[in-house]
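Please read the structure below before turning to the comments.
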Amino acid sequence: MAETMNIHIRGGRVIDPQNHLDSIEDLFISQGEIVAIGKMPEGFSVDKTIDAENQVVCPGLVDLSVRMREPGLEYKATMKSECAAAAAGGITTCCCPPDTRPIIDNPAMANMLTHRGEEIGLTRVLPIGALTTELGGEMLSDLHALSQAGCIAFSNADMPITNTLVIRRAMEYASSFDLLIILHANDPWLTDDGCMHEGEISTRLGLAGIPEAAETAIVARDLALIEQTGVRAHFARITCARSVDLIVQARERGLKVTADVAIHHLHLTDFDVGSFNTLCHVMPPLRSERDKNHLREAVALGHIQAICSDHQPHEKDAKLAAFSESEPGISGLETLLPLGLKLVDEGIIDMNTLISSVSSEPAAVLGIDAGSLSVSSQADICIFDPAAEYLLDESTFLSKGRNTPFSHWPLKGRVSHTIHAGRLVYPVTQV
Amino acid sequence: MSQNLQYTDNGNLRHFLSIDGLRKETLEQILTTAEKFTQFGQREIKKLPLLRGHTVVNLFFENSSRTRTTFEIAAKRLSADVINLNPSTSSTSKGETLLDTVNILEAMHTDLFVIRHAKSGVAELIAQHVPEHVHIINAGDGQHAHPTQAMLDMFTIRQYKGPFHELRVAIVGDILHSRVARSQIHALNRLGIHEIRVIAPNSLLPAQIERLGVHAYTDLQQGLDGVDVVMMLRLQKERMRHAYLPSEQEYFNLYGLTTESLAAAADDAIIMHPGPINRGLEISSVVADGPRSVILPQVTNGIAIRMAIMAMILGGDNNG
Chain A
1 MAETMNIHIR
11 GGRVIDPQNH
21 LDSIEDLFIS
31 QGEIVAIGKM
41 PEGFSVDKTI
51 DAENQVVCPG
61 LVDLSVRMRE
71 PGLEYKATMK
81 SECAAAAAGG
91 ITTCCCPPDT
101 RPIIDNPAMA
111 NMLTHRGEEI
121 GLTRVLPIGA
131 LTTELGGEML
141 SDLHALSQAG
151 CIAFSNADMP
161 ITNTLVIRRA
171 MEYASSFDLL
181 IILHANDPWL
191 TDDGCMHEGE
201 ISTRLGLAGI
211 PEAAETAIVA
221 RDLALIEQTG
231 VRAHFARITC
241 ARSVDLIVQA
251 RERGLKVTAD
261 VAIHHLHLTD
271 FDVGSFNTLC
281 HVMPPLRSER
291 DKNHLREAVA
301 LGHIQAICSD
311 HQPHEKDAKL
321 AAFSESEPGI
331 SGLETLLPLG
341 LKLVDEGIID
351 MNTLISSVSS
361 EPAAVLGIDA
371 GSLSVSSQAD
381 ICIFDPAAEY
391 LLDESTFLSK
401 GRNTPFSHWP
411 LKGRVSHTIH
421 AGRLVYPVTQ
431 V
Chain B
432 MSQNLQYTDN
442 GNLRHFLSID
452 GLRKETLEQI
462 LTTAEKFTQF
472 GQREIKKLPL
482 LRGHTVVNLF
492 FENSSRTRTT
502 FEIAAKRLSA
512 DVINLNPSTS
522 STSKGETLLD
532 TVNILEAMHT
542 DLFVIRHAKS
552 GVAELIAQHV
562 PEHVHIINAG
572 DGQHAHPTQA
582 MLDMFTIRQY
592 KGPFHELRVA
602 IVGDILHSRV
612 ARSQIHALNR
622 LGIHEIRVIA
632 PNSLLPAQIE
642 RLGVHAYTDL
652 QQGLDGVDVV
662 MMLRLQKERM
672 RHAYLPSEQE
682 YFNLYGLTTE
692 SLAAAADDAI
702 IMHPGPINRG
712 LEISSVVADG
722 PRSVILPQVT
732 NGIAIRMAIM
742 AMILGGDNNG
C-alpha cells in the first residue's frame, strides 16, 4: 500500500462542482486529507509534487455500480484486479451490487467486502446489500444489521421482486431507518427471454425483444409505492425516454427520487448490436436513438443525476456464444471518464455537469461524504489530461474484463493520477 | 457484418448465412445454377463429380429430417463425402462449447459445414471463427434466417409465376417466430417483388416489421386480396400455451387457408408451405393437396437449390 504523503498538486484546473469551484489552483494534501486549496499552508513540507498544468483536478469518481466478481466468479475478475482498474479510471468509490456468490445478504459478507477493499487500498469499496434473502424476492434481509455492517444501500440487483406486497413492505421497513433502496426497473414477464431492445433490429435478427414497457411499467409501479411509503429510493440504469418522463413528473410532485444511467446507454443504441455483436449485449438493453438522445438531454438538465460505469467484467468465452446465450455486460471502469468527456467534447453536457454526475451527485444519492474537494475532507482526487487523444485499446485495461464495444473508439481525456485517501494509487510507482 | 463474411475478397460466395447482405446478382446466379441441376435430377444417373473429394458435415444442433435430407442428397449428387451429426444428442452439452465442436470437426479437414441451431446468430458466429478454407451454410438459426428455404421458395415462385416485379405475395401466420418469413422477405425484396404482405394477429407480428419492406395485415381476407402467391407458415402448437393465441379453432377460423378464404386471392394464385404442415390448423387439406398447391415441388426444388449453393461455394475454391 502506498504511503500517505504531503502532496502538492500544482497549477491544475480545479473543478469541484459541490463547492462551485472551477479555477486554476494549487491543492495540498496531508495525512490523507485535503488541507488547502490555493496557498500552501504554513509549514507544509512537500514530499511529492504533481504537475497538473493543463490538466483537470476533480473529486475522485463515485461509481454506483461495479461488479468486482469476487467472491464467487474470480475467473472473470478479482477485487484486486478491479480495484486497480477503478484507480486507473479515476474512481475512488465503488458500489458493489449484492449478486456476488455468496450473495451479500448477511453482515459477514458485507464486512468481508469492505475489509477486503480496505486491505487492497486502491479505492473505497461500498457493498450494496441484498434487499431480500438470497435475492429470492420473498423474505427481507436483515437490512438494519447489513447497514450497520457497511451496506450503503439495498437492491435486489438484476433479480426481480415479483410480489408487489414484498416491495411495499421492503420500502416501508427501509424507510423506518432511512435506508436507501436502489431499484432495477424490469418486469420479468415482459422481458421473458428477451435479450435486446424490441424494435427493428430485434425483428431483423430474430432475437426476442424486450419492450420499453418492461421498464416503464415497473417505474410507474415503483413510483406509486415510493410515494406511498416515503422511502429514499433511486432508480438504477434507466434506459427509456418515457421512464425519464415518469421520474421527472414524480420529482415535480415533490418526490425525492433519483436516477442514474450507464455511460454506454449515452453512446450506443440497438443499432450497434448490428449483426449479433455480443459486446453490445447488456442488461438493461441498449435502446433506440430517440431514447439515447432523451437520456443525454436528461443528464444535461439534471433530471438524471448520476452516470455510472455499470462495470461487468467477463472472461472471453462469456461473449463467444450465440447472442442470446452470451453473458450481458461491459467492462466499463476504465472508459467511464473518457466516454463522459466525449459527451463534453460533443457539446452534449458541460464539464461541470459531467464531473458532478460522476462524483458529487452519486455521493449525494448515497448520502456519503465523498465527491467533493472540501478542505479537511478525505483526499480522493482524480487528475486527468482532457486533451490526450487516443484510440481505445482494451488490451491496456487493468481490469481482467476486456469486454468492451468501444474498442478503437477515438477518445479524448486520460487519467494521469488518482489519489485515494491521500495515497497515490495510480499510476502505481512502486513494486 | 454478414455482407463481408459471405463473400471472398474477389467476390465469390464464401458462406451462405443470410439473404440480408447478399447481392441481387448472387441470388439470380443461385436460381440459374439450380435450374441446370433440376434438369439433371430427372436423369437416371444423378451424380456429378463437382464436389468429389470434398467433405460436407451436416451439423444439426436442432432436429430436422426434411432439410437435413435434402442437404444430404444435394451433397451426394455432387459426389461429396457427407457426414451427418446431431450434436444435441452426442457431444456438446457437457462443457464443450459450440466453437469447440466446430474446431474439432474442422481439424478433420471438413470443407463445408451445413449448420442448423435453435439460437439466432449461430451460423454467423461460427463463420467468424473458422479458417478461410472452411465454408458455412446456414440451414436455419433460431428465428433469424433460413436462407436456403427462401431461395427454394424464390425458385418455385419464378418457376410457376414468372418475373418478380409483377407479383404480390402474402406471407401468412407466425411471422414473429419465423426465420423462414424473414429470409423470404429479404429475398423477395432483393429480387424486386411488387409487394409483400404479412398477415397475422398483432401478437404474432414482430415489432416494426414494416421496416423490412412489407405491409402488415391483421385481416386474412384483406391481406389476400388479389395476391399471386400465398406463402403459409407453420404454427407451433405451443403458441397457445404462451398466450399468443386463444385456441387452434379460433386461429383456423381467422387465419386458416381454406377454399373460402383463398377466394380473395388471384384466381391463379399458388399456395406454398415450408412444411411440415399442420393440416386443419393453418391450412385445410383441400387447399394443401389442391391443384394450386406447389408444396411438393418446393421440396424437390430444395435439392437443386442446395446443390447450386454448395457448388457455388466450393466450386469457387476449385477455380481460385
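Residue numbers (the numbering used here), protein chains in the order written: chain A, 1 to 431; chain B, 432 to 751.
We put the beta carbon where it would ideally sit given N, CA and C, even for glycine.
All values reported here derive from a predicted model rather than from experimental measurement.
In the DSSP assignment, what residue or residues form a beta bridge with residue i?
i, result
"ARG296 (chain A)", "Answer is none; ARG296 (chain A) lacks a bridge partner."
"CYS94 (chain A)", "A:ASP63, A:VAL125"
"TYR438 (chain B)", "B:LEU444"
"ASN515 (chain B)", "B:ASN489"
"PHE235 (chain A)", "A:LEU183, A:ALA259"
"PRO410 (chain A)", "A:LEU391"
"THR579 (chain B)", "THR579 (chain B) pairs with nothing; no bridge assigned."
"MET139 (chain A)", "Paired residues: none, contrary to the question."
"SER23 (chain A)", "A:VAL14"
"PHE432 (chain A)", "Nothing about residue 432 (chain A) can be reported from this structure: the residues present for chain A run from 1 to 431 only."
"ALA153 (chain A)", "A:ILE128"
"ASN569 (chain B)", "B:ILE546"
Quick check on residue i: does DSSP put it in helix, strand or coil?
i, result
"ILE307 (chain A)", "strand"
"ARG253 (chain A)", "coil"
"ASN6 (chain A)", "coil"
"SER81 (chain A)", "helix"
"ILE630 (chain B)", "strand"
"ASP99 (chain A)", "coil"
"GLY302 (chain A)", "coil"
"LYS477 (chain B)", "coil"
"LYS455 (chain B)", "helix"
Rounded to whole angstroms, what is the Cα-Cα separation between residue i and residue j?
i, j, result
"ILE708 (chain B)", "ASP393 (chain A)", "52 Å"
"ASP720 (chain B)", "GLN652 (chain B)", "21 Å"
"VAL513 (chain B)", "ARG642 (chain B)", "39 Å"
"GLY371 (chain A)", "SER155 (chain A)", "22 Å"
"ALA618 (chain B)", "GLU334 (chain A)", "44 Å"
"GLY452 (chain B)", "GLN437 (chain B)", "8 Å"
"ARG168 (chain A)", "LEU225 (chain A)", "6 Å"
"GLN249 (chain A)", "SER357 (chain A)", "20 Å"
"SER496 (chain B)", "GLU212 (chain A)", "39 Å"
"ALA90 (chain A)", "ALA421 (chain A)", "Note on residue identity: the sequence assigns Gly, not Ala, to residue 90 (chain A). About 13 Å."
"VAL533 (chain B)", "GLY209 (chain A)", "29 Å"
"ASP63 (chain A)", "ALA185 (chain A)", "19 Å"
"LEU373 (chain A)", "MET112 (chain A)", "29 Å"
"ALA549 (chain B)", "GLU493 (chain B)", "6 Å"
"ILE15 (chain A)", "VAL428 (chain A)", "24 Å"
"MET5 (chain A)", "GLU25 (chain A)", "19 Å"
"CYS476 (chain A)", "ILE567 (chain B)", "It is not possible to answer for residue 476 (chain A), since the shown part of chain A is limited to 1 through 431."
"PHE28 (chain A)", "THR164 (chain A)", "51 Å"
"GLU597 (chain B)", "TYR591 (chain B)", "13 Å"
"ARG124 (chain A)", "VAL66 (chain A)", "11 Å"
"MET819 (chain B)", "ALA130 (chain A)", "In the structure displayed, chain B extends from 432 to 751; residue 819 (chain B) sits before or after that span and is not available."
"ARG508 (chain B)", "LEU536 (chain B)", "22 Å"
"LEU530 (chain B)", "VAL561 (chain B)", "9 Å"
"ILE627 (chain B)", "ARG621 (chain B)", "12 Å"
"GLN580 (chain B)", "ARG445 (chain B)", "18 Å"
"THR418 (chain A)", "LEU556 (chain B)", "40 Å"
By Cβ distance below 6 Å, which residues in the same chain neighbour residue i in space, the five residues on each side in sequence not counted?
i, result
"LEU328 (chain A)", "Residue identity check: residue 328 (chain A) is Pro in the sequence provided, not Leu. Cβ neighbours of PRO328 (chain A) beyond the five flanking positions: HIS281, VAL282, MET283."
"ARG402 (chain A)", "GLU394"
"ALA697 (chain B)", "GLY657, ASP659"
"HIS499 (chain B)", "His is not the amino acid found at residue 499 (chain B); the sequence shown has Arg there. Taken in chain order, the residues that qualify are ASN489, PHE491."
"THR437 (chain A)", "This structure cannot settle anything about residue 437 (chain A), because the visible part of chain A is limited to 1 through 431."
"ASP605 (chain B)", "LEU635, LEU664, LEU666"
Excluding sequence positions up to five away, which residues of its chain have a Cβ less than 7 Å from the Cβ of residue i?
i, result
"THR587 (chain B)", "MET703, VAL725, PRO728, GLN729, ASN732"
"SER288 (chain A)", "HIS197, GLY199, THR269, ASP270"
"ILE714 (chain B)", "MET663, GLY687, LEU688, HIS704, ILE708"
"LEU583 (chain B)", "GLN729, ASN732, GLY733, ILE736"
Contact set between the region 563-580 of chain B and chain A, restricted to residues whose Cβ is under 9 Å from the partner: ASP572, GLY573, GLN574, HIS575, ALA576
Which residues, in order along the region 533-553 of chain B, keep a beta-carbon less than 8 Å from a beta-carbon of chain A? HIS548, LYS550, SER551, GLY552, VAL553
Which residues, in chain order, does the region 586-620 of chain B contribute to contact with chain A at a C-beta distance below 8 Å? ARG610, ARG613
So if I threshold CB-CB distances at 8 Å, which residues from the region 457-475 of chain B count as touching chain A? For the region 457-475 of chain B, no residue has a beta-carbon sitting nearer than 8 Å to a beta-carbon of chain A.
Short-range partners of chain B found in the region 202-230 of chain A, where Cβ spacing is below 9 Å: SER202, THR203, ARG204, LEU205, GLY206, LEU207, ALA208, GLY209, PRO211
Contact list for the region 633-658 of chain B against chain A, Cβ threshold 8 Å: PRO637, ALA638, GLN639, ILE640, ARG642, LEU643
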